[in-house]
Structure formats: C-alpha cells, structure tokens
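Below is one structure, written out as structure tokens; comments come after it.
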C-alpha cells in the first residue's frame with residue numbers, strides 16, 4: 001500500500017491544516033466567536049456591555065441541592081420508589097427527556113401552551129434545541145432558512161455548521177413583506193424557503209418585541225409558504241407579569257410553530273437545560289405518525305444521547321417549588337432588569353445625545369439594546385474601545401452572520417448595576433465622540 | 001407570490017413527511033435505536049441483558065450536593081472568591097470547559113497522559129466528544145471513517161448523522177492487515193481514509209481488549225496513512241487496578257490519537273460529562289497554531305454552547321475527593337462487575353454448552369460479552385425472546401451499522417446481580433434451544 005501522506009515518517013505528526021478540516025473550522029462565525037471571547041479575556045478590567053449573561057445576584061450554589069431535593073420529594077409523593085428516583089436522575093435516560101411532564105404543566109401555566117409530553121424535547125440549552133430543529137427540518141442541498149435580522153450570533157453559527165443558506169429578513173414594521181422578499185430570493189435561486197427563525201420578545205440585539213401586527217404577518221406568510229416557524233423566546237419570562245404578550249405558539253397552536261425555550265435566563269445558565277416544543281406531526285415510512293420532537297430526539301441520541309437528567313431534575317425542582325410558574329418567581333430579577341434598562345437608557349440620553357450619527361432602540365425588556373451609528377464600528381474599533389477607553393460592547397455585524405450589516409453595536413445591561421452602567425456609558429461617550437469626529441475628519445480630508 | 005405548498009389553506013398544517021426531513025430521520029440507525037427502546041419499554045418485567053447501564057448500587061443522589069461542595073471548597077482553597085465560584089458554576093462558561101485543570105491532573109494520575117488544559121474539551125458525554133471529533137476532522141464529501149468492528153451503535157449513528165462513509169475493519173488478531181484492507185477500499189473508491197475509531201479496552205459488544213500487538217499495529221497503520229486515531233475507552237477505569245493496560249494515547253503521546261473519555265461508567269451517567277483529549281496541533285489561516293480541542297470547541301459553541309458547568313463541577317468534586325484518581329475509587333464497583341462477569345460466563349457454560357451453534361467471548365472486564373450463533377438473531381427473534389421467554393438482549397447487527405453482520409447478540413451483565421443473571425440465562429437457554437432447533441428443522445425440511 002502506498003503512503004499518500006507527506007511527512008508521515010516524522011515521529012511527531014504534522015499540524016493539521018485548518019483548510020483540511022470541516023468548513024466551520026475556518027468560518028467567519030467561528031472566527032467571530034473566537035475574537036469576541038479573546039477580547040473579553042484580554043481586558044478583564046474593562047466595563048463590559050458585551051456578554052449576554054443574566055444577573056447572578058439572585059443565584060446561589062445552594063439552590064442546586066435544594067432543587068434536587070424538591071424533585072425527589074415530588075417523585076416520592078407520586079409513589080416513585082427511592083431506587084427508581086435514583087435511577088431516573090443518575091442513570092442514562094430517554095433522549096426526549098425525563099421531566100417532560102413538569103415542563104408541560106409549566107408551559108400551560110406560564111405560556112398558555114397546551115401540548116402533550118411527547119411534544120417536548122429536553123435539550124442542552126435552547127442552542128441545542130435550535131440546532132436539532134434546523135438539522136431535522138431543513139435539507140441543506142435544497143432548503144433555505146429565513147432569519148428575522150438582526151439576530152443572535154448563535155443562529156448564524158448553527159446554520160453555518162449545518163451548511164445552510166440563510167436569507168435575512170429585516171425586522172421592518174411590515175415584516176410580512178420583508179419575509180416574502182427574502183423567500184423570493186430563495187425561489188429565484190431555485191431553492192425552497194423552508195423555515196423562519198425569529199425571537200418574538202425582547203429581541204437580541206434590539207431589546208424590542210414584535211408587534212401584534214408583525215406576529216400575525218409572520219404566521220400568515222408561514223401559512224402561505226408552508227414554513228416551519230422557529231420561535232425563540234428566552235426573555236419572555238424575565239419581563240415581569242405586566243409585559244405579557246401572546247407568543248406565536250399561543251397565537252397558532254396547531255403545530256406550525258416550533259417553540260424553543262431556555263432556563264438560562266429564568267433559573268441559571270450553568271444547568272444548560274432548554275427545550276423545543278415541536279408538536280407538528282411527522283408521517284413515518286410505515287404510515288404511523290409521531291411528533292416532530294420525537295423525530296428530533298433520534299438525532300439527539302446520535303449527537304449527545306440525552307440531556308443531563310441531574311440538570312433536568314434541578315429545573316423540575318425549581319419549577320415545582322414555584323408552583324410551576326417562573327413568571328412570578330422572576331419578578332425580583334425582572335425588576336433588576338427594568339432598573340438597569342432605565343439606567344442605561346437615561347445614561348445614553350444624558351451622555352450621547354450630542355454625538356452626531358448615533359441613535360438607539362428603546363428596549364421593552366430583556367437584556368440588550370441596539371445602538372446605530374452612521375460611522376463604522378467593527379472589530380478594530382472594539383479593540384480600540386477596550387484598549388483606550390476600557391469599555392466592551394459587541395459589533396452589530398455579529399448579528400447578521402456573513403450578510404452585509406449596518407454600523408452599530410449591541411449593548412448589554414443585564415448583569416451589571418446602574419453605577420457601572422453610568423461609568424461605562426461615560427467611557428462609551430468619549431469613545432464614540434472621538435470615533436465620530438475622526439470619521440468626519442477623514443471624510444472631509 | 002405563488003404558493004408552492006399543497007394544502008396550505010387548511011388551518012391545521014399537514015403532517016410533515018419523514019422523507020422530506022433530513023436523511024437521518026428515516027435512517028436504519030435511527031430506526032434501530034427506536035426499536036430497541038420500544039422493546040425495552042414494552043417488556044419492563046423481562047430480565048434485561050440489553051441495556052448498557054452501569055451498576056447503580058453504589059450511587060446516591062446525595063453525592064451531588066457533596067461533590068459540588070467539594071469543588072467549591074477546592075476553589076476557595078485556591079483563593080477564588082465565593083461570588084467568582086458562583087459565577088463559574090452557575091453562569092455561562094467557555095465552550096472548552098471549566099474544569100480542564102482538574103481533568104488534566106486526573107489524566108496524569110489514572111491514565112498516564114500528560115497534556116495541557118487547552119488539549120482537553122469537556123463535552124455532553126463521550127458521545128458528543130465523538131460527534132465533534134468526527135464533525136471536525138472529516139469532510140464527508142471526501143473522507144472515510146474506518147471503524148474497528150463490531151462496535152457500539154453510537155459510532156455508526158454519529159457517522160450517519162454526519163453523512164460519513166464508514167469502512168468496517170474486523171477486529172482480527174492481525175488488526176493491521178484488517179485496517180489496511182478497509183483503507184484500500186476507501187482508496188479504490190477514490191476517497192481518503194482519514195480516521196479510525198476503536199475501543200481499546202473491554203470492547204462493546206465483545207468485552208475483549210485489544211492485545212498489545214493489535215495496539216501497536218493500529219498505531220503503525222495510522223502513522224503510515226496519516227490517520228487520526230479516535231480512541232474510546234469508557235471501561236478502562238472500572239476494570240480495577242490489576243487490569244491496567246497502556247492506552248493508545250499513552251503508547252503514542254504525540255498527538256496522533258484523540259482520546260475520548262466518559263464519566264458515565266466511573267461516576268454516573270446522569271451528569272452527561274465526557275471529554276476529548278485532542279492535543280494535535282491545527283495550523284490556522286494566519287499561521288498561528290491551536291490545539292484540535294480548541295478548533296472543536298468552536299463547533300461545540302455552535303451546537304450546544306458549553307457543557308453544563310454544574311455537571312462539570314460535580315465531576316471535579318468527585319475527582320478531588322478521590323485524590324484525582326477514579327481507578328482506586330472504583331475498586332468496589334469493579335469487583336461487582338467481575339462478580340457478574342463470572343456469574344454470566346459460568347451460567348452460559350452451565351446452560352448453553354449443549355446448544356448447537358452457540359459460542360461466546362470471554363470478556364476481560366467491562367459490561368458485555370458477545371454471543372455468536374450459526375442461526376439468525378434479528379429484531380424478530382428479539383421480540384419473540386421478550387414476548388415468549390421474558391429475556392432481552394441486543395441483536396449483533398446493531399454493532400455493524402448498515403454493514404453486513406454475523407448472527408449473534410450482545411449480553412450485558414453490568415447492572416444486574418448473579419441471581420438474576422442465572423435466571424435470565426436459563427430463559428435464554430430455552431429461547432436459544434428452540435430457535436436453534438427450529439432453524440435446523442427448517443433446514444432439514
């Protein structure tokens with residue numbers, strides 16, 4: 001047998017070339033994630049408006065043991081023997097999940113969603129739920145994904161890792177027309193728009209929720225084009241009870257919508273538990289039907305077997321100890337987010353109003369707002385902002401995947417406090433003033 | 001805009017056709033997993049030699065809180081403030097992991113592997129480590145995966161979910177020649193054999209470990225053909241200190257081997273924590289290098305963000321409380337597995353020796369043995385065995401993916417006890433006697 005590998009006689013194997021690995025390895029999305037992490041690590045003392053972390057002032061390590069004990073008692077009350085409870089939490093479990101019954105009660109109570117347990121798939125965070133939905137529903141050689149843009153970097157990364165073509169649909173007031181135009185591009189390329197991904201409440205990066213008109217337009221276009229609607233909604237339960245809006249899944253309960261859910265913002269991220277509600281029926285080769293969640297669980301079995309039953313049990317315990325509702329359990333932290341939002345918006349108004357070419361969204365709730373600029377703000381500017389001004393943010397281009405992006409940044413206010421927000425915005429104002437002025441001068445010159 | 005979707009006027013969306021979804025949905029591997037789970041669920045009272053579960057007699061739900069507390073104290077001893085410790089465990093974390101330093105010390109102590117923390121990627125079980133390795137290292141349009149066969153259903157499923165061509169290499173004594181033949185088929189098809197997957201100790205389903213000669217042959221072929229060796233070894237640390245064998249990663253420490261690891265057999269499966277040791281260097285487009293583990297972490301960031309820091313902290317706590325060594329911590333459960341192995345082998349000898357056309361492997365250690373038959377044992381026979389004889393096992397064909405498989409079954413003895421093993425083998429003997437006789441009669445007739 002001939003040896004096709006050069007240099008194989010050397011005892012230490014050669015470095016692999018990144019171009020010889022899978023496409024994602026050298027992709028823009030991967031480089032973007034790496035860059036943002038590296039900047040955050042290089043400037044640990046900068047004030048950060050960059051990370052999308054929840055506030056952790058209400059979290060405690062002791063919660064974990066308590067939540068597990070709550071779930072164990074709940075099982076005992078239902079006649080589950082202690083050795084069975086132990087096996088359920090500590091052993092391997094079904095790919096679909098072990099706490100689907102508890103999630104179903106929570107969805108009915110907090111989200112107005114009525115589904116059976118086999119319509120729910122527990123996942124390693126909502127990110128895995130998104131990835132599994134895309135990987136199951138779309139065939140990359142034929143199907144395109146519409147994305148209401150701007151949107152969270154994870155959706156562009158997940159699509160890229162699957163080799164999917166994405167078609168951004170700007171989140172205009174007339175979202176129906178925006179989606180139809182994006183779909184038209186897909187048809188013109190001889191392809192099929194198969195699904196649309198969007199965040200309904202407190203978008204990332206905008207902080208703005210879809211209007212009722214936008215919601216009904218999405219559902220109308222989805223019906224017309226037979227699109228699977230992938231609705232992400234991680235911020236709805238930290239908005240506080242007053243800000244309750246009907247989700248797309250509530251407005252269209254008949255299976256067209258796959259609803260992604262996360263407990264990272266409502267319990268804590270360290271559990272990595274999310275879910276997909278996917279009750280659309282799938283017709284199998286033998287004529288029987290199953291839920292889309294069940295179909296997706298077979299891919300999950302190949303990729304990660306199942307979601308940590310320990311982490312699932314913590315989620316279930318927390319839900320049970322709050323009467324299956326996180327909307328009310330989160331009212332204290334929701335108040336913190338509202339406080340921070342007010343602090344951020346007021347600081348921006350106070351310190352940025354005089355800077356030319358800068359405007360920003362007013363978030364309904366959530367963790368973020370979007371600041372638009374008439375001058376470019378890319379990775380180089382972020383580095384300069386970190387180095388010279390000690391303030392971090394996220395360039396808006398990361399919310400458009402590989403597509404053309406307007407200039408601007410995302411500002412997070414979720415995990416900080418009003419004092420720090422004010423000091424950070426003061427630094428930001430100096431950075432933006434200088435950058436705006438330099439740009440003008442270079443235009444004049 | 002025209003509407004290409006039939007039936008879109010109906011308010012309830014039509015069922016999706018499974019043929020319209022991604023290929024995996026209707027695949028043999030997925031159907032196989034579904035079938036085996038359904039049989040297990042339909043016959044809960046049967047004696048099961050089917051599932052690959054660890055023994056749970058030594059596991060306790062109370063361990064979780066204790067292990068977390070151990071990790072927290074360990075961080076405190078190292079000067080980590082309590083709010084930092086809280087954020088490390090409860091917040092989002094790096095895609096590469098939060099306990100890489102602890103894993104590195106464990107690998108040095110238990111496995112004779114010396115790597116730096118950036119060569120380790122923490123994953124949602126070893127299954128995700130395998131999937132990420134395959135997804136990163138192989139390009140499906142060009143690269144083939146050699147698999148030492150028979151092997152665990154997960155590897156065939158993972159490869160199928162990625163659209164990879166697999167080439168089985170029978171685990172012959174002359175494993176070098178077997179691998180070369182499999183590679184030759186790949187070359188003949190105009191493709192490239194890029195990696196080889198194998199389990200070095202206590203194979204699944206055979207229970208038999210690779211000999212020293214086989215180990216050195218694998219490394220030789222890998223060097224000649226520049227193959228990435230993907231070494232799985234979930235059973236090495238439950239074999240007991242006496243059965244220590246050098247892993248491929250120990251024998252070839254220079255980066256050619258990606259070592260997959262699991263804590264499912266040594267701590268418990270419910271944590272879903274595994275890892276890949278991938279210290280091979282990757283040269284990036286800008287000329288800098290990084291570990292393969294780092295490259296893989298960028299795909300992980302797109303698929304599941306990071307591995308539950310809570311679950312990682314439990315693993316670290318357990319390692320720390322056992323002086324970084326699980327080999328000794330597992331000596332009690334290792335004794336249980338040896339006891340069960342002896343019970344299984346003796347029961348087979350006692351009850352099956354008179355049945356024509358039946359033979360079996362003698363496992364070194366691990367959870368399984370392989371029983372070979374001269375008559376066919378497929379899914380239909382499993383159903384009959386469950387229904388009429390009350391005993392479950394796994395048809396051997398599931399360990400060959402979509403490739404031709406010899407007749408036989410895998411028998412698990414890990415999670416049961418000698419009494420049940422004896423009763424189960426008695427049932428199995430009756431089933432095999434009847435099946436063997438029926439086959440002979442139908443051959444004679």
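Chains as they are written, first to last, in UniProt numbering: chain L, 1 to 445; chain F, 1 to 445. Glycine is no exception: its CB is placed at the ideal position from the N, C-alpha and C atoms. Quick caveat, the model's predicted, so the values are computed rather than measured.
Interface annotation, residue 116/L: not in contact with chain F, CB-CB separation never under 9 angstroms. Residue contact check for residue 188/F against chain L: no CB pair falls below 9 angstroms.
Beta-bridge analysis with DSSP links residue 230/F to 197/F and 258/F. Taken in chain order, the whole beta strand (DSSP E) runs of length 3 or more contained in the stretch 145-171 of chain F are 165-170.
Judged by pairs of C-beta atoms under 8 angstroms, the stretch 116-130 of chain L does not touch the stretch 373-381 of chain L, as fewer than three such pairs exist. In chain order, 391 and 431 place their CB closer than 6 angstroms to the CB of residue 385/F, counting only its own chain and leaving out the 5 sequence neighbours on each side. Residue 308/F sits in coil when the DSSP states are folded into three classes, being neither helix nor strand. For residue 139/F, the neighbours in chain L by C-beta distance under 7 angstroms run, in chain order, 22. Residue contact with chain L for residue 91/F: present (Cβ-Cβ distance below 9 angstroms to some residue of chain L).
Residue pairing of residue 276/F in beta bridges, as defined by DSSP: 121/F and 260/F. Straight-line measurement puts the Cα of residue 317/L at about 13 angstroms from the Cα of residue 268/L. A contact between stretches requires three or more CB pairs, one per stretch, nearer than 8 angstroms, and the stretch 319-329 of chain F fails this requirement with the stretch 172-182 of chain F.
If you check the CB distance, residue 223/F and residue 143/F do not come in under 9 angstroms. Under DSSP, no beta-bridge partner is assigned to residue 419/F. Contact annotation: in the stretch 268-292 of chain L, residues whose CB is within less than 7 angstroms of a CB in chain F are 268, 269, 270, 271, 272, 280, 281, 282, 283, 284, 285, 289 and 292.
Taking a beta-carbon distance threshold of 9 angstroms, residue 317/F does not count as an interface residue toward chain L. Beta-bridge partners of residue 360/L (DSSP): 371/L. Cα atoms of residue 77/F and residue 251/L: separation of roughly 53 angstroms, rounded to the nearest angstrom. The beta carbon of residue 43/F lies closer than 6 angstroms to those of 386 in the same chain, with the five residues before and after it left out.
Assigned with DSSP and collapsed to three states, residue 395/F falls in strand. Taking C-beta separations shorter than 7 angstroms and ignoring five residues to either side along the sequence, the partners of residue 26/L in its chain run 18 and 19, following chain order. Taking a cut-off of 8 angstroms for Cβ pairs, the stretch 64-77 of chain L and the stretch 276-290 of chain L do not touch, as fewer than three such pairs fall below it.
The continuous alpha helix (DSSP H) containing residue 38/L extends over residues 28-42. Against residue 17/L, the close residues of chain F are 282 and 283, in the order they occur along the chain (beta-carbon pairs closer than 8 angstroms). A Cβ-Cβ separation of about 7 angstroms places residue 150/F in contact with residue 396/F under the 8 angstroms criterion. Under the Cβ criterion of 9 angstroms, residue 80/L is not counted among the residues facing chain F.
If you draw a straight line from the Cα of residue 113/L to the Cα of residue 299/L, it comes to about 25 angstroms. C-alpha of residue 200/L to C-alpha of residue 244/L: approximately 12 angstroms in a straight line. With respect to residue 107/L, residue 274/L sits apart: the two C-beta atoms are not nearer than 9 angstroms.
Apart from sequence neighbours up to five positions away, the residues of its chain that approach residue 132/F with a beta-carbon distance below 8 angstroms are 121, 123, 276, 296, 299, 300 and 303, ordered along the chain. Residue 410/L and residue 154/L have their C-alpha atoms spaced approximately 15 angstroms apart. Taking a cut-off of 8 angstroms for Cβ pairs, the stretch 82-90 of chain L and the stretch 419-436 of chain L do not touch, as fewer than three such pairs fall below it. Among the CB atoms of chain F, one or more fall inside 9 angstroms of the CB of residue 264/L. Under the 9 angstroms criterion on CB atoms, residue 299/F is classed as interfacial with respect to chain L. Nearest CB-CB separation between residue 51/L and chain F: below the 9 angstroms threshold.
In the three-state reduction of the DSSP assignment, residue 176/L falls in the helix class, which pools H, G and I.
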